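Notes follow the structure.
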Amino acid sequence: MKEDSLPSPEELLLITPIYKEFEITEENIIRLIELEIYNEPLDAYCVECNQKSVYRRINSPTGYLHYDSSSPTQAYIKSLTAYGGRTETSDRTFDIRFACSRNTQHVIYFYFILYKSCLSKIGQYPSLADFDSQDIKKYRKVLDKDSLGDLKRAIRLYSYGIGAGAFVYLRRIFENLIEETHSRLANQEDWDEEKYQKCRMNERIQLLKNELPSHLVEMNALYPILSKGVHALTEQECKKYFRLLRIGIEIILEQKLNQILEKERQKIIEDQKKAIANIRNEIS
Ligand SMILES: [Zn+2]
Numbered sequence: 018m019k020e021d022s023l024p025s026p027e028e029l030l031l032i033t034p035i036y037k038e039f040e041i042t043e044e045n046i047i048r049l050i051e052l053e054i055y056n057e058p059l060d061a062y063c064v065e066c067n068q069k070s071v072y073r074r075i076n077s078p079t080g081y082l083h084y085d086s087s088s089p090t091q092a093y094i095k096s097l098t099a100y101g102g103r104t105e106t107s108d109r110t111f112d113i114r115f116a117c118s119r120n121t122q123h124v125i126y127f128y129f130i131l132y133k134s135c136l137s138k139i140g141q142y143p144s145l146a147d148f149d150s151q152d153i154k155k156y157r158k159v160l161d162k163d164s165l166g167d168l169k170r171a172i173r174l175y176s177y178g179i180g181a182g183a184f185v186y187l188r189r190i191f192e193n194l195i196e197e198t199h200s201r202l203a204n205q206e207d208w209d210e211e212k213y214q215k216c217r218m219n220e221r222i223q224l225l226k227n228e229l230p231s232h233l234v235e236m237n238a239l240y241p242i243l244s245k246g247v248h249a250l251t252e253q254e255c256k257k258y259f260r261l262l263r264i265g266i267e268i269i270l271e272q273k274l275n276q277i278l279e280k281e282r283q284k285i286i287e288d289q290k291k292a293i294a295n296i297r298n299e300i301s
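Numbering (this note's numbering), first residue to last: 18 to 301.
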């Protein structure tokens with residue numbers, strides 16, 4: 018299914034799965050050109066540095082003959098015309114290459130096709146899933162092995178343009194995050210398990226809300242979607258909600274990571290206080 022709202026160049030490069038099609042219209046053609054002549058620094062994970070990095074573009078757009086830095090868009094359109102009489106909407110393929118600013122041997126390549134006024138990313142190296150699965154390793158401290166595997170699978174499926182499958186894996190992570198808190202509270206004496214079992218997802222979250230990461234409670238607009246069977250959602254809806262759910266889950270995981278860091282910081286402060294008290298005792 019074609020979409021006519023064309024995302025920003027950064028989103029097309031780093032988030033949009035391959036083979037997703039965007040209809041190029043008079044309204045959004047400027048964004049296509051912005052993508053082709055993209056020359057900004059690009060923030061992305063470097064799988065070779067094993068950390069976030071800033072990338073710089075290393076190739077110039079095909080047929081870019083009339084470079085004019087004061088008006089790169091106009092210059093590019095002029096160049097296309099000069100290049101075999103093509104126009105902005107002519108069928109073509111183009112690639113956008115970047116090198117990591119720490120080491121120019123670390124490169125990322127993106128390939129696009131414009132065919133019958135329809136733009137798709139048709140390939141990239143390293144894959145979208147490779148970027149992301151490196152980046153999500155930081156969640157090892159707050160996700161069990163199964164959930165981390167689910168998150169990797171979800172991202173991989175989404176990067177291949179498979180919405181429903183990706184969505185199901187994310188939903189399971191979300192449910193596990195809730196279940197983790199539930200099983201902890203279920204051991205307490207005053208816990209009413211029978212009531213909990215009868216509740217729907219949103220009511221369960223209300224029961225657990227004091228113990229859940231605050232962002233999970235704030236995501237309440239998504240619960241009805243999560244409760245729907247995946248058969249009740251279209252492939253397009255699954256992809257749309259996947260993005261929202263993934264961002265939500267990552268915020269929850271960041272909150273949990275921060276809690277761990279905060280505990281570690283508190284421990285350092287307590288140890289420091291004890292050490293200072295000991296010195297004071299030794300002196301007096
Ligand atoms: Zn690098």
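The beta-carbon is built from N, C-alpha and C at its ideal position, and this holds for glycine as well.
Keep in mind that this is a model prediction, so the values were computed, not measured.
Report all residues for which the CB-ligand distance to some heavy atom of ligand 1 is below 7 Å; order them along the chain.
Those residues, listed in chain order, are Cys63, Glu65, Cys66, Ser70, Cys117, Arg119, Asn120 and His123.
Return helix, strand or coil for Leu59, following the three-state DSSP convention.
Translated into the one-based positions of the sequence shown, residue 59 becomes position 42. It is a strand residue.
Among the candidates Thr98, Ile266, Val159 and Tyr62, whose CA atom is the shortest distance from the CA of Val234?
Along the sequence shown, read from residue 1 onward, the residue named residue 234 stands at position 217. When each option's Cα is compared against that of Val234, the closest is Ile266.
Taking all protein chains shown into account, decide if Asp163 is buried (16 or more other Cβ within 10 angstroms of its Cβ) or exposed.
Mapped onto the sequence shown, residue 163 falls at position 146. Flag for Asp163 reads exposed.
Of all the alpha helix (DSSP H) runs that stay within the bounds of the segment 231-273, which reach a length of 4 or more residues?
Taking only runs of at least 4 residues, the alpha helix (DSSP H) segments lying wholly in the segment 231-273 are 231-235 and 240-244.
Quick check on the burial criterion: 16 or more other C-beta atoms within 10 angstroms. Buried or exposed for Ile75?
Looking up residue 75 in the sequence shown gives position 58. That one is exposed.
Looking at the structure shown, is Gln205 part of a helix, part of a strand, or coil, going by DSSP?
Along the sequence shown, read from residue 1 onward, the residue named residue 205 stands at position 188. Three-state result, Gln205: coil.
My assumption, with CB atoms under 8 Å, is that Ala146 sits in contact with Ser176. Please give the rounded CB distance.
For the purposes of this step, residue 146 is taken as the residue at position 129 of the sequence shown. For the purposes of this step, residue 176 is taken as the residue at position 159 of the sequence shown. Ala146 to Ser176, Cβ: 5 Å. Contact.
Less than 8 Å between C-beta atoms, sequence neighbours within five positions excluded: which residues of the same chain meet that for Tyr258?
Taking the sequence shown and counting its residues from 1, one reaches residue 258 at position 241. These residues qualify, in order along the chain: Phe184, Leu239, Ile242 and Leu250.
Which residues share a DSSP beta bridge with Thr110?
Taking the sequence shown and counting its residues from 1, the one referred to as residue 110 is at position 93. In DSSP, Thr110 forms a bridge with Ile130.
Give me whichever residues DSSP pairs with Val73 in a beta bridge.
For the purposes of this step, residue 73 is identified with residue 56 of the sequence shown, where counting begins at 1. In the sequence as presented, Val is not what sits at residue 73; that position holds Arg. Ala116, per the DSSP bridge assignment.
Excluding five sequence neighbours on each side, which residues of the same chain lie with their C-beta closer than 7 Å to the C-beta of Pro26?
The sequence position of residue 26 within the sequence shown is 9, counting from 1. Once the five neighbours on either side are set aside, the close Cβ partners of Pro26 are Glu51, Leu52 and Tyr55.
Taking the alpha carbon of Ile113 as the reference point, which residue from Gln122, Gln141 and Gln289 has its own alpha carbon closest?
Residue numbering aside, residue 113 sits at position 96 when the sequence shown is read from its first letter. If we check each option's Cα against that of Ile113, Gln141 comes out closest.
Pull up the DSSP beta-bridge partners for Tyr142, would you.
Locating residue 142 in the sequence shown gives position 125, where the first residue counts as 1. DSSP output for Tyr142 lists Tyr126 as bridge partner(s).
When burial is assigned at 16 or more other CB atoms within 10 Å of the CB, is Gly246 buried or exposed?
The count along the sequence shown starts at 1 and reaches residue 246 at position 229. Exposed, by the Cβ-count rule.
Given a cut-off of 8 Å on the beta-carbon distance, is the pair Leu160 and Leu270 in contact?
By 1-based counting over the sequence shown, the position of residue 160 is 143. By 1-based counting over the sequence shown, the position of residue 270 is 253. Yes, Cβ-Cβ distance for Leu160 and Leu270 is below 8 Å.
Measure the CB-CB distance between Cys135 and Ile47 and report whether it falls below 8 Å.
Indexing the sequence shown from 1 puts residue 135 at position 118. Indexing the sequence shown from 1 puts residue 47 at position 30. Going by C-beta atoms, Cys135 is not nearer than 8 Å to Ile47.
Taking all protein chains shown into account, do 16 or more other C-beta atoms lie within 10 angstroms of the C-beta of Leu278, making it buried, or fewer, making it exposed?
Taking the first residue of the sequence shown as position 1, residue 278 is located at position 261. So Leu278 ends up on the exposed side.
Which residues share a DSSP beta bridge with Glu38?
As a first step, residue 38 is located in the sequence shown; it is residue number 21 there, counting from the start. Glu38 pairs with Ser137.
To which residues of the same chain is Lys273 closer than 7 Å at the C-beta, ignoring the five residues directly before and after it?
Here residue 273 refers to the residue found at position 256 when the sequence shown is read from its first residue. Result list for Lys273: Val159 and Pro230, in chain order.
Report the option in Pro34, Thr106, Lys69 and Ile296 whose CA atom is closest to the CA atom of Tyr132.
Taking the first residue of the sequence shown as 1, we reach residue 132 at position 115. With distances taken between Cα atoms, Tyr132 lies closest to Thr106.
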